[in-house]
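Read through the structure below, which is laid out as structure tokens, and then see the notes.
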Amino acid sequence: MKKVLVISYYWPPSGGPGVQRVLKFCKYLPEFGWEPIVLTVKDGEYPNLDYSLEKEADKLGIRVIKTKTYEPFKFYKWMTGKNSMPSYELNKSKSGLFSKLSKWIRMNYFIPDARKGWIPYGVKAGRELLKNEKIDMIFSSGPPHSLHFIAKKLKEEFSVPWVSDFRDPWTDLFYYDGHERSAIAEKKDAEMEKEILESADGVTTVSDGTKNILTNKGNDININVVHNGYDEDDFCHTAESKIKNSKKIITYVGSMALSQVSEEFFKGISDLIWDNNEDIEIRFIGDVHEKAWELIKSYNLRDKVFHLGYIPHNEVISKLFESDILLLVIPNTKESKLIITGKLYEYLRSGIPILALADLDGDAAKILNDTKSGIVVSHDDAEGIKDIILQKEYELSQNIEQFSRKELTHLLTEIFNRVQ
127 MKKVLVISYY
137 WPPSGGPGVQ
147 RVLKFCKYLP
157 EFGWEPIVLT
167 VKDGEYPNLD
177 YSLEKEADKL
187 GIRVIKTKTY
197 EPFKFYKWMT
207 GKNSMPSYEL
217 NKSKSGLFSK
227 LSKWIRMNYF
237 IPDARKGWIP
247 YGVKAGRELL
257 KNEKIDMIFS
267 SGPPHSLHFI
277 AKKLKEEFSV
287 PWVSDFRDPW
297 TDLFYYDGHE
307 RSAIAEKKDA
317 EMEKEILESA
327 DGVTTVSDGT
337 KNILTNKGND
347 ININVVHNGY
357 DEDDFCHTAE
367 SKIKNSKKII
377 TYVGSMALSQ
387 VSEEFFKGIS
397 DLIWDNNEDI
407 EIRFIGDVHE
417 KAWELIKSYN
427 LRDKVFHLGY
437 IPHNEVISKL
447 FESDILLLVI
457 PNTKESKLII
467 TGKLYEYLRS
477 GIPILALADL
487 DGDAAKILND
497 TKSGIVVSHD
507 DAEGIKDIIL
517 QKEYELSQNI
527 EQFSRKELTH
537 LLTEIFNRVQ
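Numbering (this note's numbering) for the sequence shown: 127 to 546.
Structure, rendered in structure tokens:
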């Protein structure tokens, strides 16, 4: 087999969609002639832990190299007394002086991100590996996008082809909206982004919209779309028949940032419950922004909302099949059309109807419309939201096989073969 060095900060026991993208690639790469060797951090600062993913990774028998890293988040946690830093932390609407100061420092001094302390350790470990055995390809997946500089350095030293993966945009990341950045910080960040895009032999990203944004960042960039997806194996041991309940269960999976909080959604739910006597239960799986809780309280929904927190990925799949509707909310930002959240693909595979709050002509809407998997309304359309929830029948999903993790890994290996 050819060997590919996979560089990723996030690896089990870290949880979340970014971990799953890299883990599933590594799972299926050997089926297409590529042996993955993973370079990651030891005891990283992860927003969530998922030991079910760690068990899955262990079963694969993948060689994993873990290095130490320098983490400013350790100091942040010590100062704030928090055990973790949620992914939506930058979007908090209420915060004290220290929190505001720490965010300003993060935005203006940790360029491109606060994980860049890993670079020297990652380069050292990668260098030792490449000295001792033949590596045919380097694949780096960000964010954090600082890790691409590990790959760039190794490519330059050992002349190994390199594909850089952008799970999220870099300078156009929606979490940055509403935060003060100096002109110097923005210029430096943009220069670093361009440097990576123009240095890589190939670039992959998760959506057509992100591809279009990145294409304009540099010269002669070879960008390919490799979507996130679902793994059929994750559904093999799950009862897929819908559990019948007298109430209608609406489930949201993933972190809900400030830009994903829709007042009209909660208003619509409140109208249905208190004016139409509809029996509705809302379940949140993951971190939920404080603004959402304020709206839940103001619309008298506290007894109708259940926060399950972060639960293992295998349990999430089971929760999908307990639901009548799956809620998908694309961040309501200036670049919202290009955003496709990772949870969408497992939503598709479940066959449960999807209610999406998103741009009607965005990338996520296109997938939902093409696969007939859900209905898209704008964030401020309370009446549209109510109409969808009250529907008795929904179309059946179709043509979702293109988003299986195995097929997507096959596509990735074709890119590897082209850039060698």
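Virtual Cβ for every residue (Gly too), placed ideally from N, Cα, C.
Note down the Cα distance separating residue i from residue j, rounded to an integer number of angstroms.
i	j	result
residue 501	residue 132	37 Å
residue 509	residue 483	12 Å
residue 220	residue 454	With a pLDDT of only 49 at residue 220, under the threshold of 50, the placement of this residue in the model should not be trusted, and no figure is reported.
residue 240	residue 396	40 Å
residue 229	residue 362	43 Å
residue 375	residue 495	23 Å
residue 517	residue 451	10 Å
residue 197	residue 400	48 Å
residue 445	residue 157	30 Å
residue 519	residue 144	33 Å
residue 185	residue 191	16 Å
residue 341	residue 541	17 Å
residue 477	residue 534	20 Å
residue 486	residue 475	22 Å
residue 347	residue 314	20 Å
residue 162	residue 129	6 Å
residue 543	residue 351	16 Å
residue 407	residue 431	6 Å
residue 527	residue 373	31 Å
residue 360	residue 442	10 Å
residue 547	residue 227	Outside the displayed range of the chain (127 to 546) lies residue 547, so it cannot be described from this structure.
residue 183	residue 142	14 Å
residue 125	residue 137	No statement about residue 125 is possible, as the shown extent of the chain runs from 127 to 546 and does not include it.
residue 216	residue 297	Reliability of the predicted coordinates at residue 216 is poor, the pLDDT of 43 falling under 50, and the value obtained from them is presented with this limitation in mind. Distance between the alpha carbons of residue 216 and residue 297: 15 Å.
residue 181	residue 173	19 Å
residue 255	residue 329	23 Å
residue 292	residue 299	11 Å
residue 312	residue 238	9 Å
residue 139	residue 403	43 Å
residue 232	residue 381	20 Å
residue 493	residue 331	16 Å
residue 326	residue 278	7 Å
residue 425	residue 412	21 Å
residue 505	residue 491	13 Å
residue 127	residue 193	25 Å
residue 242	residue 429	43 Å
residue 274	residue 244	11 Å
residue 358	residue 284	37 Å
residue 499	residue 507	20 Å
residue 189	residue 272	23 Å
residue 146	residue 473	15 Å
residue 437	residue 447	15 Å
For residue i versus residue j, is the C-beta distance shorter than 8 Å?
i	j	result
residue 532	residue 177	no
residue 164	residue 195	no
residue 236	residue 353	no
residue 480	residue 333	no
residue 264	residue 295	no
residue 179	residue 536	no
residue 337	residue 322	no
residue 489	residue 463	yes
residue 410	residue 427	no
residue 151	residue 398	no
residue 449	residue 377	yes
residue 394	residue 471	no
residue 457	residue 383	yes
residue 345	residue 324	yes
residue 414	residue 469	no
residue 524	residue 262	no
Within 8 Å (strictly less), CB to CB, does residue i reach chain C?
i	result
residue 173	This model lacks chain C altogether; it includes just one protein chain.
Per DSSP, residue i forms a beta bridge with which residues?
i	result
residue 503	483
residue 329	290 and 349
residue 374	406
residue 265	132 and 289
residue 553	This structure leaves residue 553 out entirely; the chain is present only between 127 and 546.
residue 451	376
residue 548	Residue coverage of the chain in this structure runs from 127 to 546, which leaves residue 548 outside it and unanswerable.
residue 167	193
residue 356	530
residue 175	140
residue 442	Residue 442 is not bridged to any residue.
Give the C-beta separation of residue i and residue j to the nearest angstrom, bearing in mind that I take them to be a contact with Cβ-Cβ under 8 Å.
i	j	result
residue 266	residue 276	7 Å
residue 159	residue 135	Incorrect: roughly 26 Å between the Cβ atoms, too far for contact.
residue 307	residue 280	Between residue 280 and residue 307 the Cβ distance is about 30 Å, and since that is not below 8 Å, they are no contact.
residue 511	residue 391	6 Å
Any heavy atom of the ligand FMN inside 7 Å of the beta-carbon of residue i?
i	result
residue 240	Ligands in the displayed structure: none, and consequently the ligand FMN is not present.
* Is there contact between the stretch 411 to 428 and the stretch 383 to 393, where contact requires at least three CB pairs shorter than 8 Å? -> yes
* If we count Cβ pairs, one from each stretch, closer than 8 Å, do we get three or more for the stretch 241 to 248 versus the stretch 285 to 294? -> no
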